[in-house]
Amino acid sequence: MQFDKKGLPNDKIIEIYRNLLFPRMIEEKMLVLLRQGKISKWFSGIGQEAISVGATMALQPDEWIMPLHRNLGVFTSRNMPLSKLFKQWQGNKDGYSKGRERSFHFGNKDHHICGMISHLGPQLAIADGVALAYKLRKEQKVSLAFTGDGGTSEGDFHEALNTAAVWDLPVIFIIENNGYGLSTPTSEQYRCKSLVEKAAGYGMEGVQIDGNNVLTVYDTIKGVREYCIKNQKPYLIECMTFRMRGHEEASGVKYVPKNLFEEWEQKDPIKNFETWLTGEGILSASGIEAIRAETKSHIEEELKLGFDAEKIIPDTEEELADVYAPVTAVQSQIADNSNGQTLDGPVTDKKFINAISDALEQSMNKHSNLVLMGQDIAEYGGAFKVTEGFGEKFGKGRTRNTPFCESPTGGTGLGLSLEGYKAVMEMQFADFVTVGFNQIINNLAKIHYRWGQNADVVIRMPTGGGVGAGPFHSQSNEAWFVHTPGLKVVYPSSPADAKGLMIAAINDPNPVMFFEHKALYRSISGDVPDRYYEIEIGKANHIRHGEDISVITYGAGVHWAMEYADKHPGISIDITDLRTLLPLDYDAIQKAVSRTGKVLILHEDCLTGGVGAEIAAWIAEHCYTLLDAPVMRCASLDTPIPFNMELEKNFMAYSRLEEMIGRLMKY
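For the sequence shown, the residue numbers in the working numbering are 15 to 681.
Here it is in structure tokens:
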């Protein structure tokens with residue numbers, strides 16, 4: 015192995031050696047502790063240390079890195095205390111995630127490291143978001159993300175690289191090609207000669223290097239970093255290396271031919287570097303032994319501190335409190351337009367869609383760090399023209415057309431959040447969210463609970479039927495997200511609520527799924543305050559008083575209930591508009607039950623597993639003594655939503671509303 019100093023002073027080379035040796039000796043100690051039963055699991059990076067260490071040292075300490083589970087050298091080179099790392103690995107309260115995450119599935123803003131999730135690919139899009147923040151602020155920085163050879167087979171790899179290339183983002187993507195994805199060899203992962211060939215397909219530069227030569231890695235990353243900053247372009251680096259242990263220790267290495275271990279043992283990144291150091295006279299053999307002894311002593315001292323961690327005593331209140339990032343006080347609310355109340359201040363009659371557009375425009379003016387993203391949202395104004403004219407008003411830097419890729423757009427939003435930005439992502443149709451499900455459910459929703467990082471992202475969800483658009487443009491899928499702690503789910507029914515709740519969602523540091531019923535966009539109008547205001551997320555609205563039946567509903571269901579009540583004045587119908595589905599306003603639900611003792615939960619979503627099922631169960635458990643009849647649900651059929659308008663009408667919940675109210679009135 016040939017090492018080239020490239021003008022580096024000896025003290026810098028010795029620093030590199032210390033950083034290279036440290037994770038190796040930590041791992042060797044971890045393997046001893048594993049055999050002793052003192053730790054439960056370990057993902058080894060032995061043989062690959064040069065990549066993590068060289069890359070981390072080549073970056074500035076305030077540039078974000080998105081590592082994986084074999085990148086211990088990233089964490090140690092960023093000077094994270096080993097004692098606290100060990101507590102993290104052991105699941106202790108004093109680790110970086112309060113015992114909620116394993117090994118390297120955590121991040122830390124002070125060290126500019128964003129931890130992985132087990133799905134691997136989503137890391138890459140987060141780097142896009144960070145790089146976009148750097149680009150918008152015109153900072154001379156890059157972000158860096160790791161993936162493995164196996165990870166390049168995931169769709170997130172393609173989508174993140176394509177987005178970075180299309181948007182000209184200063185991102186460095188590193189592929190650690192260690193020959194195997196668990197037991198799957200690279201021959202079963204791809205057919206190109208080398209993974210770096212993929213760079214050309216995205217219109218970016220790339221290079222393949224010896225990942226076991228720490229000076230090559232360091233020098234390459236330094237040069238690539240300068241390239242990315244100067245040209246505002248991404249870059250792909252394939253680092254050739256080998257995994258000397260199993261995917262995890264429990265998996266073993268029987269599937270790997272023995273000759274490969276012999277071959278790569280000769281390329282060991284530390285042994286070869288030590289040989290070169292002594293040959294060049296940079297360190298003597300005794301000097302190396304002294305550093306090893308010093309490192310060993312430091313590891314033992316840190317582990318002693320780590321082992322002294324107190325046993326976790328679960329605190330349910332703390333667990334629940336940490337699911338969401340704290341929200342600042344609600345800004346200047348309006349009075350709810352219910353029971354004769356009037357909206358305060360100057361108002362303008364606006365359609366539902368214009369109220370949302372108004373909220374976005376006022377928020378863009380208020381928050382210079384707010385970025386809108388979505389397919390066709392700039393010049394075209396989006397599929398429903400919500401952002402028409404925004405490209406001219408705010409520029410394409412902040413009103414960004416995305417490629418057809420829902421997953422990396424969600425990840426990009428999270429990356430922007432790491433750097434203090436806000437993001438609103440338009441899902442062209444709520445149905446398309448399935449393509450970005452992983453980022454929303456496993457990354458955005460869980461990140462604050464995992465390591466205290468907020469995800470300041472709103473995902474706009476044009477939803478619902480009634481427009482004859484068929485199974486893939488009309489679904490009501492809000493229940494998918496109500497089941498996910500960490501998300502907030504908002505579903506307004508009126509223009510005034512749509513504006514106030516959208517502004518509140520943008521101001522909320524947590525990820526918000528914002529459902530907008532397409533059939534309401536241009537069919538519903540109402541007075542909307544001209545000023546900038548919020549409606550508190552998590553608060554229902556009692557919009558009609560009644561004494562016979564309480565209808566609890568949201569979205570288009572509010573208008574169905576109001577229309578039915580108007581046509582049947584002989585039935586006194588009480589109507590509560592939930593407005594927010596997560597968190598639910600249980601106090602308002604209880605009051606609705608108490609007013610009549612007969613409850614009908616109405617929603618457009620299918621019956622089974624819908625939001626109504628959760629509400630009905632809660633009422634049965636907590637409001638049993640207030641009931642005069644069974645809680646009933648009126649929902650759409652348990653079928654995909656059909657295209658034919660007559661079939662769609664039969665599918666929709668409103669076709670059974672009269673029947674369900676009639677059944678409830680008989681009690």
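Just so you know, even glycine gets a beta-carbon here, dropped at the ideal spot from N, CA and C.
Discussion item. To test your reading of the DSSP string, which unbroken beta strand (DSSP E) runs of 3 or more residues are found completely within the region 460 to 527?
Written reply: Residue ranges of uninterrupted beta strand (DSSP E) with 3 or more members, entirely inside the region 460 to 527 and ordered along the chain, are 471 to 477, 502 to 504.
Worksheet item: Applying the criterion that 16 or more other CB atoms from any shown protein chain within 10 Å of the CB defines a buried residue, is H582 buried or exposed?
Response: Taking the first residue of the sequence shown as position 1, residue 582 is located at position 568. Per the 10 Å Cβ criterion, exposed.
Worksheet entry | Contacts around E288, its chain only, beta-carbon distance under 6 Å, and the 5 residues preceding and following it disregarded | Locating residue 288 in the sequence shown gives position 274, where the first residue counts as 1. I302, listed in sequence order.
Discussion item. Measuring only the C-alpha atoms, how far is N658 from G105?
Written reply: On the sequence shown, residue 658 is found 644 positions in, with the first residue counted as 1. On the sequence shown, residue 105 is found 91 positions in, with the first residue counted as 1. Their Cα atoms are separated by approximately 54 Å.
Practice prompt. Examine chain C for any beta-carbon lying closer than 9 Å to the beta-carbon of P248, and answer yes or no.
Written response: No chain C appears in the structure shown, which is made up of a single protein chain.
Worksheet item: By DSSP, does V210 sit in helix, in strand, or in coil?
Response: Along the sequence shown, one-based indexing puts residue 210 at 196. V210 sits in a helix when the DSSP states are folded into three classes.
Discussion item. By the three-class DSSP mapping on this structure, what secondary structure does S352 have?
Written reply: Position 338 of the sequence shown, counting from 1, holds the residue named residue 352. Because S352 sits at a pLDDT of 48, beneath the cut-off of 50, its placement in the model cannot be relied upon, and the following sentence gives the value as read from the coordinates. Three-state DSSP puts S352 in coil, outside helix and strand.
Discussion item. Looking at the strands, I want to know which residues DSSP matches up with S650.
Written reply: For the purposes of this step, residue 650 is identified with residue 636 of the sequence shown, where counting begins at 1. According to DSSP, S650 shares a beta bridge with C620.
Worksheet item: Going by Cα to Cα distance, which pick from M674, L209, F529, A512 is closest to G540?
Response: On the sequence shown, residue 540 is found 526 positions in, with the first residue counted as 1. Of all alpha-carbon atoms in M674, L209, F529, A512, the one lying nearest the alpha-carbon of G540 is that of A512.
Practice prompt. May I have the straight-line CA-CA distance separating S111 from R464, to the nearest angstrom?
Written response: By 1-based counting over the sequence shown, the position of residue 111 is 97. By 1-based counting over the sequence shown, the position of residue 464 is 450. Between the alpha carbons of S111 and R464 lies a distance of about 6 Å.
Fill in: Reduced DSSP secondary structure (H/G/I, E/B, other) of K26
In the sequence shown, residue 26 corresponds to position 12, counting from 1. Three-state DSSP puts K26 in a helix.
Worksheet item: With a CB to CB cut of under 6 Å and the five nearest residues on each side skipped, what residues in its chain are close to I454?
Response: For the purposes of this step, residue 454 is taken as residue 440 along the sequence shown, with counting starting at 1. Same-chain partners within the cutoff: G424.
Worksheet item: Opposite H556 in the DSSP bridges: which residues?
Response: In the sequence shown, residue 556 corresponds to position 542, counting from 1. Answer is T590, bridged to H556.
Practice prompt. Note down the Cα distance separating L678 from R414, rounded to an integer number of angstroms.
Written response: On the sequence shown, position 664 is the one that residue 678 refers to. On the sequence shown, position 400 is the one that residue 414 refers to. If you take the alpha carbons of L678 and R414, they lie about 50 Å apart.
Discussion item. For a test of the three-state rule: what should DSSP assign to T90, helix, strand or coil?
Written reply: For the purposes of this step, residue 90 is taken as residue 76 along the sequence shown, with counting starting at 1. In the structure shown, T90 sits in a helix (DSSP, three-state: H, G or I).
Item to complete: Within 10 angstroms of the Cβ of H126, are there 16 or more other Cβ atoms? Answer buried if so, exposed if not.
Response: Translated into the one-based positions of the sequence shown, residue 126 becomes position 112. Counting Cβ neighbours within 10 Å, H126 comes out buried, since at least 16 surround it.
Worksheet item: Which partner residues of C253 appear in the DSSP bridge assignment?
Response: Position 239 of the sequence shown, counted from the first residue, corresponds to residue 253. Paired residues: E190, I223.
Worksheet item: Which value, in whole angstroms, describes the spacing of the CA atoms of L274 and N122?
Response: The sequence position of residue 274 within the sequence shown is 260, counting from 1. The sequence position of residue 122 within the sequence shown is 108, counting from 1. It is roughly 36 Å from the alpha-carbon of L274 to the alpha-carbon of N122.
Practice prompt. Can you say whether I326 is buried or exposed, counting buried as having 16 or more other CB atoms within 10 angstroms of its CB?
Written response: For the purposes of this step, residue 326 is taken as residue 312 along the sequence shown, with counting starting at 1. Classification for I326: exposed.
Worksheet item: What is the DSSP secondary structure of E393, reduced to helix, strand or coil?
Response: As a first step, residue 393 must be located in the sequence shown, where it is residue number 379. In the three-state DSSP reduction, E393 falls in the coil class, being neither helix nor strand.
Practice prompt. Please name the residue, chosen from R92, L146, T161, M387, that lies closest to C253 on a Cα-to-Cα basis.
Written response: Counting from one through the sequence shown, the residue named residue 253 turns up at place 239. Minimum Cα distance to C253 is reached at T161.
Worksheet item: Are G427 and G143 touching if we call contact CB-CB under 9 Å?
Response: The count along the sequence shown starts at 1 and reaches residue 427 at position 413. The count along the sequence shown starts at 1 and reaches residue 143 at position 129. Yes, Cβ-Cβ distance for G427 and G143 is below 9 Å.
Worksheet entry | F701 - DSSP class collapsed to helix/strand/coil | This structure cannot speak to residue 701, because the chain is shown only from 15 to 681.
Worksheet item: Taking DSSP as the reference, what is the three-state secondary structure of F529?
Response: As a first step, residue 529 must be located in the sequence shown, where it is residue number 515. Looking at F529 - three-state DSSP - the assignment turns out to be strand.
Item to complete: Provide the residue span of the alpha helix (DSSP H) that contains L229, from first to last.
Response: Position 215 of the sequence shown holds residue 229. Membership of L229 in the alpha helix (DSSP H) is indicated by the continuous run 228 to 245.
Worksheet item: Taking C-alpha atoms, which residue in G61, V471, V385 lies nearest to W278?
Response: As a position in the sequence shown, residue 278 is number 264, starting the count at 1. Nearest option by C-alpha distance: G61.
Item to complete: Compute the Euclidean distance between the alpha carbons of M15 and S54, then round it to the nearest angstrom.
Response: Sequence index remark: in the sequence shown, residue 15 carries index 1 (1-based). Sequence index remark: in the sequence shown, residue 54 carries index 40 (1-based). Straight-line Cα distance between these residues: approximately 36 Å.
Worksheet item: G411 by DSSP, collapsed to three states: which one?
Response: By 1-based counting over the sequence shown, the position of residue 411 is 397. The answer is coil: DSSP assigns G411 none of H, G, I, E or B.
Worksheet item: Where do the ends of the beta strand (DSSP E) carrying G388 lie?
Response: Taking the first residue of the sequence shown as 1, we reach residue 388 at position 374. G388 -> beta strand (DSSP E) spans 384 to 388.
Worksheet entry | Close Cβ partners of P523 (< 6 Å) along its chain, the five nearest in sequence each way excluded | Here residue 523 refers to the residue found at position 509 when the sequence shown is read from its first residue. So the qualifying residues of the chain are A339, N468, D470.
Worksheet item: By a C-beta neighbour count over all protein chains shown, 10 Å radius and 16 as the cutoff for buried, is H261 buried or exposed?
Response: In the sequence shown, the residue the question calls residue 261 occupies position 247. H261 is buried by the Cβ-count criterion.
Worksheet item: Cα-Cα, which of F443, T653, H556 is closest to E530?
Response: Locating residue 530 in the sequence shown gives position 516, counting from the first residue. Closest by C-alpha distance to E530, out of F443, T653, H556, is F443.
Worksheet item: Just checking, does the region 196 to 209 make contact with the region 79 to 97 on the three C-beta pairs under 8 Å criterion?
Response: With contact defined as three or more Cβ pairs closer than 8 Å, the region 196 to 209 and the region 79 to 97 are not in contact.
Worksheet item: What distance in whole Å lies between the Cβ atoms of K532 and T477, which are believed to be in contact at a cut-off of 8 Å?
Response: The sequence position of residue 477 within the sequence shown is 463, counting from 1. The sequence position of residue 532 within the sequence shown is 518, counting from 1. Contact flag correct, Cβ pair sits at about 7 Å.
Worksheet item: With burial defined as no fewer than 16 other Cβ atoms inside 10 Å of the residue's Cβ, what is the status of V210: buried or exposed?
Response: Looking up residue 210 in the sequence shown gives position 196. Counting Cβ neighbours within 10 Å, V210 comes out buried, since at least 16 surround it.
Fill in: Helix, strand or coil at N122 according to DSSP, with G and I counted as helix
Taking the first residue of the sequence shown as 1, we reach residue 122 at position 108. Strand, per DSSP.
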